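A.B. asks: Mind having a look at this structure? Questions to follow.
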């Protein structure tokens with residue numbers, strides 16, 4: 002075993018980096034403008050208003066949270082049934098919904114984030130959602146809207162290719178592609194930003210699992226993917242914004 006090689010990578014899991022950061026020199030401490038809380042979106046792109054996400058999750062949940070926690074597991078096989086727009090709205094609200102804008106640099110959401118910095122953007126490789134053509138979409142949490150990036154009848158196969166040809170991606174009704182914009186977190190935490198970005202991804206993934214389970218859907222989180230293909234699929238530059246986490250969602254197959 003190459004101890005040094007592992008040690009270099011384990012460094013990300015530790016918090017000793019904070020001892021090396023001069024927090025008086027961060028962008029926040031120096032009063033430099035914070036990166037926007039949401040990436041810009043071309044006004045020409047088609048937008049879809051979503052039903053109230055909290056109301057959707059409340060109405061469609063078929064079990065209490067304790068039951069969802071007990072039953073939660075990764076599901077890789079899905080039925081051909083589409084998701085409704087209301088179901089999708091409930092999932093999106095659960096993973097990145099905005100509860101309250103507390104100021105020009107702070108928004109409180111449905112998931113925790115270090116310093117309320119929320120470095121993620123949510124893209125969807127959407128195959129089966131009633132009323133929406135297959136393609137790539139992006140969630141705009143501050144307006145609770147979807148924006149249609151591009152239509153693509155074979156988006157599920159393209160998403161599967163980006164995920165090392167994993168079959169559950171090709172069969173999913175929707176695959177969530179979360180990207181990170183590191184500068185949002187670096188503005189406050191400098192080199193200590195990157196560990197907490199990874200921690201935040203776990204919060205988002207667990208909320209998706211629990212919301213989907215409560216509504217009778219299955220999820221499979223994915224950490225193994227082709228970075229370049231994932232970034233190209235959702236249309237990000239791979240440097241200032243890049244894919245960090247993926248999860249598939251679909252209706253569970255009925256047994257019997």
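In this note's numbering, the protein residues as written are 2 to 257. Backbone N, C-alpha and C define an ideal beta-carbon position, used for all residues, glycine too. Quick caveat, the model's predicted, so the values are computed rather than measured.
1) So, does the stretch 48 to 62 touch the stretch 6 to 25, judging by three or more C-beta pairs under 8 Å?
2) Which residue marks the beginning of the beta strand (DSSP E) containing residue 151, and which one marks its end?
3) Apart from the five residues just before and just after residue 175, which ones in its own chain have a Cβ nearer than 6 Å to its Cβ?
4) DSSP state of residue 258, grouped into three classes?
5) Just verifying my parser: in three-state terms, what is the DSSP assignment at residue 205?
6) Taking all protein chains shown into account, do 16 or more other C-beta atoms lie within 10 angstroms of the C-beta of residue 252, making it buried, or fewer, making it exposed?
7) Mind checking whether residue 113 and residue 201 have CB atoms under 9 Å apart?
8) Could you give the distance in angstroms between the alpha-carbon of residue 6 and the alpha-carbon of residue 31?
9) In angstroms, rounded to a whole number, what distance separates the CA positions of residue 67 and residue 209?
10) Starting from the C-beta of residue 182, find all residues in its chain whose C-beta is less than 6 Å away, skip the five residues before and the five after it, and write them out in chain order.
11) Starting from residue 169, trace the alpha helix (DSSP H) in both directions and tell me its first and last residue.
12) So, with DSSP's three-state summary, where would you put residue 283?
13) Would you report the Cα separation of residue 87 and residue 228, rounded to the nearest angstrom?
14) Ordered along the chain, which non-local residues of its own chain (more than five positions away) have a Cβ less than 7 Å from that of residue 99?
15) Please list, in chain order, all residues of the same chain as residue 134 whose beta carbon is under 6 Å from its beta carbon, the five residues on each side excluded.
16) From residue 193 to residue 117, what does the alpha carbon distance come to, in whole angstroms?
17) Since residue 110 is in the alpha helix (DSSP H), which residue starts that stretch and which ends it?
18) When the distance is taken between beta carbons, is residue 165 closer than 9 Å to residue 225?
19) Expressed to the nearest angstrom, what Euclidean distance is found between the alpha-carbon atoms of residue 190 and residue 255?
C.D. replies: According to the structure shown:
1) no
2) 146 to 152
3) 125, 127 and 250
4) Any property of residue 258 remains undetermined from this structure, which presents the chain solely from 2 to 257.
5) helix
6) buried
7) yes
8) 35 Å
9) 15 Å
10) 120 and 242
11) 168 to 172
12) No answer is possible for residue 283: the residues shown for the chain start at 2 and end at 257.
13) 31 Å
14) 108, 110, 142 and 143
15) 152
16) 15 Å
17) That residue, residue 110, is in no alpha helix (DSSP H); its beta strand (DSSP E) goes 107 to 110.
18) In this structure, residue 165 lies closer than 9 Å to residue 225 by Cβ.
19) 47 Å
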